[in-house]
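In the working numbering, the protein residues as written are 1062 to 1364. Notes to accompany the following structure.
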Ligand code: SF4
Ligand code: SF4
Ligand code: SF4
């Protein structure tokens, strides 16, 4: 007899095809675990008869083929290993992140720290629909943030130092979007092509391209699955604190109003999205919004 029948209801317990067994999903914020935690999971898996583990798309580790009678014990062992039960149902599930500034040359933000902060605030919160949150530190979007209910993308908007471009063309070569051309011997940006990846900022050998400030683009209403949909741009903000404020407001909105059981992306389609966006934008101080349009270099350069 289980001491805690409620454990079956927790999102980290998934009944298998053979209903005699469950798969246990662990909580791994940002997909990062220590070597000791990894060894601990292997020991726990072996202790309860699993011969292998499974790495999930949400950067967690699942232990398969666990007997129902072992659920309480394995949950306690995993908690002692600091890799407790995860979530998979209608709740805020494991927050995922790319390596970001910890390792990646393309990174504009510290995606792992941000994902951990979001996880600390919101993981496991019971919701009317599943809320997946993904952080990518640049527009390469390795963790597919735009296909999550809430996505965060680190961006970096280039500005050229006035009057000093040599026209060497290095930034032109580095820009994958063909957003920069050389005209009359100086670089010119086509703002409509720029995705604000910041690569050109790092490419100029004379350090003439500067960042106007790394920032965080937040999207809502994306999804994968059988009818994938790209999230909509909600707001760009300048600090991780503002990211948390925006995400908490979106989650609170979903909690209050989205109990129809349909996916958030469908519910967003039925909203006056601009009104929803305006409400969120109004909650962020103007100085912490990274709004406005990108200017072409010549307009910003004073040449
Ligand atoms: S999303 Fe960008 S920063 Fe993150 S791992 Fe991919 S390339 Fe690197
Ligand atoms: S920030 Fe814009 S202009 Fe610079 S490399 Fe990226 S896409 Fe190109
Ligand atoms: S902005 Fe820098 S890299 Fe680009 S053309 Fe001018 S000097 Fe060269």
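Think of the CB as a built atom: it goes at the ideal place given N, C-alpha and C, for glycine as much as any other residue.
query	result
Any heavy atom of ligand 2 inside 7 Å of the beta-carbon of residue 1265?	no
Which residue or residues does DSSP assign as beta-bridge partners of residue 1160?	Looking at the DSSP assignment, residue 1160 forms no beta bridge with any residue, so it has no partner.
Hey, would you say residue 1194 sits closer than 8 Å to residue 1220, going by beta carbons?	no
When you compare only the Cα positions, how much space is there between residue 1361 and residue 1223?	Unreliable placement is indicated for residue 1361, whose pLDDT of 46 sits below 50; no coordinate value is reported for it.
Can you tell which of 1218, 1242, 1284 has the C-alpha that lies nearest to the C-alpha of residue 1226?	1242
With respect to the alpha helix (DSSP H) encompassing residue 1122, which residues constitute its N-terminal and C-terminal limits?	Segment 1122–1128 is the beta strand (DSSP E) holding residue 1122; no alpha helix (DSSP H) there.
Pull up the distance between the alpha-carbon of residue 1353 and that of residue 1103, whole angstroms please.	50 Å
Under 7 Å: does the beta carbon of residue 1140 sit that close to some heavy atom of ligand 1?	no
Does at least one heavy atom of ligand 2 sit under 7 Å from the Cβ of residue 1282?	no
What residue does the alpha helix (DSSP H) around residue 1134 start on, and which one ends it?	1132–1141
If you scan the segment 1220–1289 from start to end, which runs of the alpha helix (DSSP H) of 4 or more residues do you find wholly inside it?	1231–1235, 1260–1264
Kindly provide the ranges of any beta strand (DSSP E) runs that are 3 or more residues long and lie completely inside the segment 1186–1225, ordered along the chain.	1194–1197, 1211–1221
Count the CB pairs spanning the segment 1290–1299 and the segment 1263–1281 that are closer than 8 Å, and state whether there are at least three.	yes
Under the criterion of a Cβ to heavy atom distance below 7 Å, does residue 1231 qualify as lining ligand 2?	no
Between which residues of its own chain and residue 1121 is the CB-CB distance below 6 Å, once the five residues before and five after are set aside?	1086, 1087, 1089, 1147, 1155
List the whole-angstrom C-beta distance separating residue 1201 from residue 1272, where the pair is believed to meet the contact cut-off of C-beta under 8 Å.	About 17 Å separates the two Cβ atoms, so there is no contact after all.
Between which residues of its own chain and residue 1264 is the CB-CB distance below 7 Å, once the five residues before and five after are set aside?	1231, 1232, 1235
Can you have a look at residue 1344 and say buried or exposed, based on whether 16 or more other CB atoms are within 10 angstroms of its CB?	exposed
Compute every distance between the C-beta of residue 1170 and the non-hydrogen atoms of ligand 2, then say whether any falls below 7 Å.	no
Is residue 1254 near ligand 3, going by C-beta to nearest heavy atom under 7 Å?	no
From residue 1098 to residue 1145, what does the alpha carbon distance come to, in whole angstroms?	11 Å
Restricting to Cα atoms, I'd like to know which of 1326, 1240, 1318 is closest to residue 1284.	1326
For residue 1342 and residue 1207, what's the separation of their Cα atoms in angstroms?	19 Å
Which residue spans inside the segment 1300–1346 form an unbroken beta strand (DSSP E) run of at least 3?	none
Tell me, to the nearest whole angstrom, how far the beta carbon of residue 1204 is from that of residue 1159; I am working on the premise that it is less than 8 Å.	5 Å
Would residue 1351 and residue 1304 be called neighbours here (beta carbons separated by less than 8 Å)?	no
Taking the DSSP output, what are the residues bridged to residue 1116?	1122
Given that a residue counts as buried once 16 or more other Cβ atoms are within 10 Å of its Cβ, and exposed if not, what is residue 1332?	exposed
With a threshold of 7 Å, establish whether the CB of residue 1181 neighbours any heavy atom of ligand 2.	no
If you run the structure through DSSP and keep just helix, strand and coil, what is residue 1351?	coil
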